[in-house]
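Q: Numbering (the numbering used here), first residue to last: 124 to 616. Using N, Cα and C, we set each Cβ at its ideal position, and we do this for glycine too.
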């Protein structure tokens with residue numbers, strides 16, 4: 124009996140796209156929706172970019188422009204009144220420079236006076252208010268106790284009249300008060316104080332950059348009619364003097380130096396505290412934690428939640444813990460500093476360290492997680508311990524990502540205002556912070572204080588401070604990008 128073999132076809136049917144008109148219409152509709160959303164996303168980027176450009180141009184428009192300035196007391200008259208002589212070369216330079224700004228003119232004249240002559244003018248014109256100058260520029264204690272504590276406590280580390288360390292400021296003779304100022308205040312600061320307190324320059328009118336360029340003649344004519352004794356000059360509010368001068372109640376002499384130093388002190392200490400804690404926590408959670416422990420899962424969840432907590436909550440925490448509960452330590456009383464509260468640089472730094480700690484932990488975790496498992500396995504295969512693998516292999520590879528997270532955290536800390544206001548940062552302070560237990564202010568708070576003043580000139584100072592802050596933030600972000608690329612290329616070699 125013969126059998127006929129059965130042939131089984133192994134050819135699979137060829138899949139074909141539908142060719143009917145309904146499918147084509149559906150396909151065109153999908154492509155159209157995709158194109159519409161693409162244009163929408165592009166338009167969103169354009170609108171965001173235009174908004175940023177408009178904001179930047181508005182700030183620049185306020186930071187430059189013409190100003191009309193006049194003195195309450197002309198510098199020539201005050202110098203003549205006290206019988207002082209000014210270097211003839213300085214007068215010739217001033218006369219030959221017809222475009223010199225009015226505040227520059229006063230500086231040229233006063234810089235040719237000695238510190239002794241400047242102090243003589245201050246004492247003669249201010250009288251009893253001269254002690255206020257001493258307090259605001261030299262004292263390291265609060266105003267309420269300034270006149271009742273010995274000089275050694277009011278002016279720690281400064282040059283004091285010999286044998287008078289145990290008396291108060293009120294017990295000093297005028298000559299001793301003058302010598303205290305001469306020995307401890309730089310000549311440039313005495314010039315600034317004399318301009319501010321004695322000459323009292325007033326900006327009687329200011330105009331934006333746009334008005335100064337496109338409507339210059341009308342602006343000058345208006346200033347001449349309204350203020351015939353004023354001098355109209357172009358002023359760059361973002362000048363070197365603005366950055367190097369301390370705060371003042373007069374816009375012509377106000378500067379950002381004290382706030383800039385305060386910002387650097389606060390942020391650097393905050394990073395020094397948060398960096399080792401953040402990287403250490405990230406290493407534990409990624410390299411040692413198994414994830415099976417409920418406590419580890421709780422910690423991980425709370426870290427991510429803390430990254431989204433409003434910054435003012437951290438300010439309240441810092442107020443209760445660092446300023447009040449630990450005030451004995453954060454005020455410096457435990458090392459003999461005579462202060463009554465903990466509203467100092469160290470309290471602000473610890474508060475900001477708590478604020479940026481979750482961000483550093485999360486960024487460090489992502490960087491460590493991105494290290495290829497093959498690197499760990501190769502290290503273990505060579506007989507390395509877990510810690511040797513982490514220290515010699517994992518951390519070097521993850522370092523660019525960790526560094527980027529740290530610098531971006533610094534950028535956030537620099538821009539924070541709410542927590543520092545809550546813990547009591549000063550809005551007006553004339554003494555540069557010189558340590559972790561100093562009183563302080565920061566750039567964002569200084570901007571906030573200036574924008575709240577009614578005079579238009581303080582708004583222009585705020586615009587100048589915003590440009591300085593933006594420059595600082597852009598520099599940090601550019602540094603993060605550069606270092607990330609540098610270390611990535613280094614690892615690839």
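(1) Suppose the cutoff is 7 Å on Cβ atoms and the five residues either side in sequence are ignored; what does the same chain contact list for residue 405 look like?
(2) For residue 555 and chain B, any beta-carbon pair shorter than 8 Å?
(3) Does the segment 462-474 come close enough to the segment 574-590 that 3 or more CB-CB pairs lie under 8 Å?
(4) Tell me, please, whether the segment 521-536 touches the segment 589-609 by the rule of three or more beta-carbon pairs shorter than 8 Å.
(5) Give the range of the alpha helix (DSSP H) segment to which residue 438 is assigned.
(6) Quick check on residue 470: does DSSP put it in helix, strand or coil?
(7) Does DSSP classify residue 370 as helix, strand or coil?
(8) Just mark residue 146 as buried or exposed, buried being the case when its beta carbon has 16 or more other beta carbons within 10 Å.
(9) If we ignore side chains and look at the alpha-carbon of each, how far apart do residue 298 and residue 252 end up?
(10) Output the residue ranges of the alpha helix (DSSP H) runs that lie fully inside the segment 476-541 and measure 4 residues or longer, sorted by chain position.
(11) Are the CB atoms of residue 425 and residue 446 nearer to each other than 8 Å?
(12) In this structure, how does DSSP classify residue 188 when only helix, strand and coil are distinguished?
(13) Between the Cα of residue 453 and those of 500, 547, 373 and 383, spot the shortest distance and give me the residue it belongs to.
(14) Less than 8 Å between the CB atoms is what I'm expecting for residue 460 and residue 560, so what's the real figure, rounded?
(15) Go through its chain and collect everything with a Cβ distance to residue 584's Cβ below 8 Å, but skip five positions before and after it.
(16) Going by Cα to Cα distance, which pick from 421, 615 and 422 is closest to residue 523?
(17) Would you call the segment 311-322 in contact with the segment 155-170, where contact means no fewer than 3 C-beta pairs closer than 8 Å?
(18) To which residues of the same chain is residue 386 closer than 7 Å at the C-beta, ignoring the five residues directly before and after it?
(19) Tell me the DSSP bridge mates of residue 326?
(20) Are there three or more Cβ pairs, one per stretch, closer than 8 Å when the segment 327-343 is compared with the segment 307-316?
(21) Nearest CA to the CA of residue 175: which residue from 593, 341 and 197?
(22) Provide the residue(s) that pair with residue 354 in DSSP beta bridges, ordered along the chain.
(23) Put residue 416 into one of helix, strand or coil per three-state DSSP.
(24) Does the Cβ of residue 269 have 16 or more other Cβ atoms within 10 Å, making it buried, or fewer, making it exposed?
(25) Put residue 359 into one of helix, strand or coil per three-state DSSP.
(26) Using 8 Å as the threshold, is the C-beta distance between residue 553 and residue 368 below it?
(27) What residue does the alpha helix (DSSP H) around residue 300 start on, and which one ends it?
(28) Compute the Euclidean distance between the alpha carbons of residue 407 and residue 419, then round it to the nearest angstrom.
(29) What does the alpha-carbon distance come out to for the pair residue 436 and residue 569?
(30) Hey, could you find the ends of the alpha helix (DSSP H) residue 399 is sitting in?
(31) Residue 590 to residue 183, Cα distance in whole Å?
(32) Helix, strand or coil, according to DSSP, for residue 260 in the structure here?
(33) Quick check on the DSSP output: the alpha helix (DSSP H) that includes residue 345 runs from which residue to which?
A: In terms of the structure at hand:
(1) Sequence index remark: in the chain shown, residue 405 carries index 282 (1-based). Within the same chain, residue 405 has close Cβ partners 484, 487, 488 and 491.
(2) The structure shown contains no chain B, having only a single protein chain.
(3) no
(4) yes
(5) As a position in the chain shown, residue 438 is number 315, starting the count at 1. 434-441 is the extent of the alpha helix (DSSP H) around residue 438.
(6) Within the chain shown, residue 470 is the residue found at index 347, counting from 1. Three-state result, residue 470: helix.
(7) Start at 1 with the first residue of the chain shown, and residue 370 comes out as number 247. Reduced to three states, the DSSP call for residue 370 is coil.
(8) Within the chain shown, residue 146 is the residue found at index 23, counting from 1. Exposed.
(9) As a working mapping, residue 298 is identified with position 175 in the chain shown. As a working mapping, residue 252 is identified with position 129 in the chain shown. One C-alpha to the other measures close to 15 Å.
(10) 496-504, 509-512 and 518-538
(11) One-based indexing of the chain shown puts residue 425 at position 302. One-based indexing of the chain shown puts residue 446 at position 323. Not in contact: residue 425 and residue 446 (Cβ atoms no closer than 8 Å).
(12) Counting from 1 along the chain shown, the entry for residue 188 is found at position 65. In the structure shown, residue 188 sits in a strand (DSSP, three-state: E or B).
(13) Residue numbering aside, residue 453 sits at position 330 when the chain shown is read from its first letter. Measuring from the Cα of residue 453, the nearest candidate turns out to be 547.
(14) Within the chain shown, residue 460 is the residue found at index 337, counting from 1. Within the chain shown, residue 560 is the residue found at index 437, counting from 1. 5 Å between Cβ atoms; contact.
(15) By one-based count along the chain shown, residue 584 stands at place 461. Closer than 8 Å at Cβ, skipping near neighbours: 360, 365, 374, 377 and 573.
(16) Position 400 of the chain shown, counted from the first residue, corresponds to residue 523. Of the listed residues, the one whose Cα sits closest to residue 523 is 615.
(17) no
(18) Taking the chain shown and counting its residues from 1, the one referred to as residue 386 is at position 263. Excluding residues within five positions, the ones whose Cβ falls inside 7 Å are 537, 565 and 566.
(19) Taking the first residue of the chain shown as position 1, residue 326 is located at position 203. Answer is 192, bridged to residue 326.
(20) no
(21) As a position in the chain shown, residue 175 is number 52, starting the count at 1. Cα-wise, what sits closest to residue 175 is 593.
(22) In the chain shown, residue 354 corresponds to position 231, counting from 1. 192, per the DSSP bridge assignment.
(23) If you number the chain shown from 1, residue 416 lands on position 293. Of the three classes helix, strand and coil, the one that applies to residue 416 here is coil, per DSSP.
(24) The residue labelled residue 269 in the question sits at position 146 within the chain shown. Buried, because 16 or more other Cβ atoms sit within 10 Å of the Cβ of residue 269.
(25) Numbered from 1 along the chain shown, position 236 holds the residue referred to as residue 359. Strand.
(26) Within the chain shown, numbered from 1, the residue matching residue 553 stands at position 430. Within the chain shown, numbered from 1, the residue matching residue 368 stands at position 245. No.
(27) For the purposes of this step, residue 300 is taken as residue 177 along the chain shown, with counting starting at 1. 297-307 is the span of the alpha helix (DSSP H), which, as asked, contains residue 300.
(28) Position 284 of the chain shown holds residue 407. Position 296 of the chain shown holds residue 419. Near 10 Å, if we compare the C-alpha coordinates of residue 419 and residue 407.
(29) Within the chain shown, numbered from 1, the residue matching residue 436 stands at position 313. Within the chain shown, numbered from 1, the residue matching residue 569 stands at position 446. The alpha-carbon atoms of residue 436 and residue 569 are separated by roughly 21 Å.
(30) Working through the chain shown from its first residue, we reach residue 399 at position 276. 380-406 is the extent of the alpha helix (DSSP H) around residue 399.
(31) Sequence index remark: in the chain shown, residue 590 carries index 467 (1-based). Sequence index remark: in the chain shown, residue 183 carries index 60 (1-based). Straight-line Cα distance between these residues: approximately 8 Å.
(32) Position 137 of the chain shown holds residue 260. Helix.
(33) Here residue 345 refers to the residue found at position 222 of the chain shown. 339-349 is the span of the alpha helix (DSSP H), which, as asked, contains residue 345.
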